[in-house]
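Heads up: the sequence shown is residues 1 to 276, going by the UniProt record's numbering.
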Amino acid sequence: MVHTALRKSNLGFGFTIIGGDRSDEFLQVKNVLKDGPAAQDTKIASGDVIVDINGTCVLGKTHADVVQMFQSIAVNQYVDMVLCRGYPLPEDTGSEPSSDIVTATPLINGQPMLTKGEPMHGSQELQFIPSDQNGRPVIKALPNGRFNGPLAEHPENRSSMASTGLLQPELVTVPLVKGPNGFGFAIADSPLGQKVKMILDGQWCSGLLKGDVLKEISRQNVQTLTHSQVVDILKEFPVGSEVSVLVLRGGELIDKKHIFYSFYKINNPLKEARRA
Numbered sequence: 001m002v003h004t005a006l007r008k009s010n011l012g013f014g015f016t017i018i019g020g021d022r023s024d025e026f027l028q029v030k031n032v033l034k035d036g037p038a039a040q041d042t043k044i045a046s047g048d049v050i051v052d053i054n055g056t057c058v059l060g061k062t063h064a065d066v067v068q069m070f071q072s073i074a075v076n077q078y079v080d081m082v083l084c085r086g087y088p089l090p091e092d093t094g095s096e097p098s099s100d101i102v103t104a105t106p107l108i109n110g111q112p113m114l115t116k117g118e119p120m121h122g123s124q125e126l127q128f129i130p131s132d133q134n135g136r137p138v139i140k141a142l143p144n145g146r147f148n149g150p151l152a153e154h155p156e157n158r159s160s161m162a163s164t165g166l167l168q169p170e171l172v173t174v175p176l177v178k179g180p181n182g183f184g185f186a187i188a189d190s191p192l193g194q195k196v197k198m199i200l201d202g203q204w205c206s207g208l209l210k211g212d213v214l215k216e217i218s219r220q221n222v223q224t225l226t227h228s229q230v231v232d233i234l235k236e237f238p239v240g241s242e243v244s245v246l247v248l249r250g251g252e253l254i255d256k257k258h259i260f261y262s263f264y265k266i267n268n269p270l271k272e273a274r275r276a
């Protein structure tokens, strides 16, 4: 995880973003602009997934949502961000024919002014990359996020987010440890139950894989519980707790159009964002 605070200049924060055309697409840093605040800070890198902005979890938010959040910050004010490193940019983003530029000038009478077309002087560029002509997600393949530093290539990470088909299902018991920022993963609501959408810090959930569906937490059946109920159960464990979870691994890959996320935190100044 990468934590940073950037001060907004007259030219914005000095980086462009892609993704978030739909709620099942991550928002990533595409380019860090030379001599901008992000470049001077040196912490942000191309491909970083934006997880949290000023205490609000943005996993599952749309591109427009995040653009508005950045635009609402006045020049010379700071933005606090949490990013997750190790996710590759989608392929051929530079040649995407239907890409669009949305720019915003600094606040005028407290309100951001949006324009479309050529960037204006003093504007913040946030690049919008939609899905391809076949409706496939922009991010074609994401690793499971397990890392201690740069992510290694794993065979299970090579499948497309948009792929469909059947995998041999199995029940797997996975030991977890609760760290200072939670269990290190995010979940998504799905027809099969609460599914692991993203690994944020693999040192606390090293046996967990993206796509695993939670069935039991400490022998408590959670497969019929709501998203909020599962979140509350996980939050109840104190930092340092060793928790055993039973997950369903494999099986039919489900549609990802209507999923939402939670970023587990406890004893953390960042606020939890939940979606109903």
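Each residue gets a CB set at the ideal place from its N, CA and C atoms; glycine is no exception.
{"Item": "Stretch-stretch touch, CB-based, cutoff 8 angstroms, three pairs: the stretch 60-67 with the stretch 30-41", "Value": "no"}
{"Item": "Same chain, Cβ closer than 8 angstroms to Ser-241, neighbours up to 5 away in sequence not counted", "Value": "Val-177 and Lys-178"}
{"Item": "Ser-228 versus Gly-182: straight-line alpha-carbon distance, rounded", "Value": "15 angstroms"}
{"Item": "Burial state of Val-239 (16 or more Cβ within 10 Å)", "Value": "exposed"}
{"Item": "Gln-229: first and last residue of the uninterrupted alpha helix (DSSP H) it sits in", "Value": "227-236"}
{"Item": "Other residues of its chain near Phe-237: CB distance less than 7 angstroms, five sequence neighbours each side excluded", "Value": "Lys-178 and Val-243"}
{"Item": "Nearest candidate by alpha-carbon position, reference Pro-8, set Lys-30, Glu-25 and Ala-39", "Value": "Sequence check: residue 8 is Lys here, not Pro. The option with the nearest alpha carbon to Lys-8 is Ala-39."}
{"Item": "Contact check, Gly-184 vs Asp-201, beta carbons under 8 angstroms", "Value": "yes"}
{"Item": "Environment of Pro-180 [buried if 16+ CB atoms lie within 10 Å]", "Value": "exposed"}
{"Item": "Collapsed DSSP secondary structure at Phe-70 in the structure displayed", "Value": "helix"}
{"Item": "Gln-220 versus Val-247, Val-196 and Lys-195, residue with shortest Cα-Cα distance", "Value": "Val-247"}
{"Item": "Length at least 4, wholly inside the UniProt domain \"PDZ\" (173-236): the alpha helix (DSSP H) runs in chain order", "Value": "227-236"}
{"Item": "Residues of its chain near Ile-233, where Cβ-Cβ distance is below 6 angstroms and the 5 sequence neighbours each way are ignored", "Value": "Ile-217"}
{"Item": "Cutoff 7 angstroms; reference Gly-20; Cβ partners in own chain excluding five residues on either side", "Value": "Leu-27, Lys-61, Thr-62, His-63 and Val-66"}
{"Item": "Euclidean distance between Cα positions of Val-29 and Thr-56", "Value": "17 angstroms"}
{"Item": "Contact check, Pro-198 vs Val-82, beta carbons under 8 angstroms", "Value": "First, the residue type needs correcting, since residue 198 is Met and not Pro in the sequence shown. Going by C-beta atoms, Met-198 is not nearer than 8 angstroms to Val-82."}
{"Item": "Inter-residue Cα distance where the pair is Gln-68 and Trp-204", "Value": "33 angstroms"}
{"Item": "Reduced DSSP category for Gln-77 - H, G, I as helix; E, B as strand; rest coil", "Value": "coil"}
{"Item": "Collapsed DSSP secondary structure at Asp-21 in the structure displayed", "Value": "coil"}
{"Item": "Backbone CA spacing between Gly-14 and Phe-70 [nearest angstrom]", "Value": "11 angstroms"}
{"Item": "Endpoints, alpha helix (DSSP H) assigned at Asp-35", "Value": "Element bounds for Asp-35: n/a, residue is neither H nor E."}
{"Item": "For Asp-80 and Thr-4, the rounded distance between their alpha carbons", "Value": "6 angstroms"}
{"Item": "Residue from Leu-192, Thr-226, Asn-54 and Ile-18 with nearest C-alpha to Arg-249", "Value": "Leu-192"}
{"Item": "C-alpha gap between Leu-225 and Glu-25, whole angstroms", "Value": "25 angstroms"}
{"Item": "Distance CB(Ile-187)-CB(Val-196) smaller than 8 angstroms", "Value": "yes"}
{"Item": "Classification of Leu-6 by the beta-carbon crowding that lies within 10 angstroms, buried from 16 upward", "Value": "buried"}
{"Item": "Buried versus exposed call for Gln-77 [16 or more other C-beta atoms within 10 Å across all chains shown]", "Value": "exposed"}
{"Item": "Per-residue burial, Thr-16 [other beta carbons within 10 Å of its own, 16 or more giving buried]", "Value": "buried"}
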